[in-house]
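What follows is one structure encoded as C-alpha cells, with my remarks underneath.
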Amino acid sequence: MSKLIPMPSQYLMTERDVDKVPILEARHLGIDFGGLTAVDDFNIAVGRTEISALIGPNGAGKTTVFNLLTKVYHPTRGTILLDTKDTAGMNTVQINQAGVARTFQNIRLFKDLTVLDNVLIGLHNSMNCHLGESILRLPRYWKQEKEAKERALELLSIFQMQDLAKYQAGALPYGAQRRLEIVRALGTNPKLLLLDEPAAGMNPSETAGLMENIRKIRDSFHIAIMLIEHDMNLVMGICEVIAVLNYGKIIAKGTPEEIQANPAVIEAYLGKKKEG
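Numbering (numbering that gives the first Met the number 0), first residue to last: 0 to 275.
Quick look at the structure:
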C-alpha cells in the first residue's frame, strides 16, 4: 500500500497522489435536521486514485455524508469541492455528470429490465444524440447504440456478468444484483465511486471477489473509490486511508494499522471498559 503523507488542514493523502489535486475535498461540512446535528465539521480529502473508507457504528452518519457529497441532501454549512470546483447549488444529476457515482445500502436497480438495459441506463452520460435523431433512428443514433452495448458488455465482463446480459435484473441472486449496481455506476464514467456497504449480503467467497474487483476497478479506470462498509476484513484488506465517524464527527483518520490500534476507535465500536 502507498505511504500516507500529511497534508494541510490535517488531510492525509497517499504518496501516489500527493502531487495531484484531490478529486474531492469536504471542508467543515455539516447538516442539521431540525434541532438535531447529524454531521458536524466533517473534513476530508480524497486522492485521485486512492481507495478509502468511511467507517463507524450504526447511526454514526456515514450514509448522510454520502448523501451530502452527492447532493441528495444540501449541507447546512461547509463546502464540497469536486475536482477543485465548488459544488454549491448543484443537484444530484449535475454531481453525477461532474464525475461522482454511487451505489446504495438498499439496492436500486430497474428490476423489471434486463441486466444489459440497467447498464445502458448508466451510460446515458456518454450518449449525445439529439431527440430528432433518436426518434427518426438516424445513423448516428444506431452508431451510438451499438457502441453503448459494446461498452456495457465490456463493463459487465469486469464481474464476469456478460453472459447474464439478457436476464431480468430482479431475478439475479442478491450478490449479483450488488455487482450489477456497481457496473451501472461505472457506466456514468466517474472520477470518484462511492460504494455504500458493497459487501452487504455477500458470502465470504463473494466478498473476496469484490475486494479483488475493487482494486481492479481502481487500477483499470484510474479513479478514486470511497466505501462505507461494516466488513472489517474488506476494509482493512484494501483501503489505504480510513476515516472513522462517530455521532457525526470524525474521531480518527489513518492507515488500517493506525485505525486498528486507535483507542478512540476501539471505544466507539466496543464501548469503554469499566474500571474496577
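Don't be surprised by glycine CBs; every beta carbon is placed ideally from N, CA and C.
In three-state terms, what does DSSP make of A52?
-> As a working mapping, residue 52 is identified with position 53 in the sequence shown. In the structure shown, A52 sits in a strand (DSSP, three-state: E or B).
Count the other C-beta atoms from every protein chain shown that fall within 10 angstroms of the C-beta of K19, then say buried if there are 16 or more, exposed otherwise.
-> Reading the sequence shown from its first residue, position 20 is the one you call residue 19. Answer is exposed; the Cβ neighbour count stays below 16.
What span of residues does the beta strand (DSSP E) with E24 cover, start to end?
-> Taking the first residue of the sequence shown as position 1, residue 24 is located at position 25. Here the beta strand (DSSP E) through E24 covers L23 to F32.
How many Å lie between L28 and L163 at the Cα?
-> The residue you call residue 28 lines up with position 29 of the sequence shown. The residue you call residue 163 lines up with position 164 of the sequence shown. If you take the alpha carbons of L28 and L163, they lie about 41 angstroms apart.
Rank L35, A25 and R47 by C-alpha distance to the C-alpha of E239 and give the top, closest one.
-> To locate residue 239, count along the sequence shown from 1; it is residue 240. It is R47.
What do you reckon, are the CB atoms on A151 and L112 nearer than 8 angstroms?
-> Locating residue 151 in the sequence shown gives position 152, counting from the first residue. Locating residue 112 in the sequence shown gives position 113, counting from the first residue. Cβ atoms of A151 and L112: not closer than 8 angstroms.
May I ask you to report which of helix, strand or coil DSSP gives I79?
-> Position 80 of the sequence shown, counted from the first residue, corresponds to residue 79. In this structure, I79 counts as strand in the three-state DSSP scheme.
6 angstroms CB neighbourhood of E24 in its chain, flanking five on each side removed = On the sequence shown, residue 24 is found 25 positions in, with the first residue counted as 1. Counting only Cβ-Cβ distances below 6 angstroms, and skipping sequence neighbours, we find A44 and L80.
To the nearest angstrom, how far is it from the Cα of L179 to the Cα of I22?
-> Indexing the sequence shown from 1 puts residue 179 at position 180. Indexing the sequence shown from 1 puts residue 22 at position 23. Cα to Cα, the separation comes out at about 25 angstroms.
Under the rule that 16 or more other beta-carbon atoms within 10 Å means buried, what is A267, buried or exposed?
-> Numbered from 1 along the sequence shown, position 268 holds the residue referred to as residue 267. By the neighbour-count rule (16 or more Cβ atoms within 10 Å), A267 is buried.
Provide the residue span of the alpha helix (DSSP H) that contains L179, from first to last.
-> By one-based count along the sequence shown, residue 179 stands at place 180. From DSSP, the alpha helix (DSSP H) with L179 extends over Y173 to L185.
Beta-carbon contacts of K110 that lie in its chain and below 6 angstroms, excluding the five residues immediately before and after | In the sequence shown, counting from the first residue as 1, residue 110 sits at position 111. Only A168 and G169 meet the Cβ criterion.
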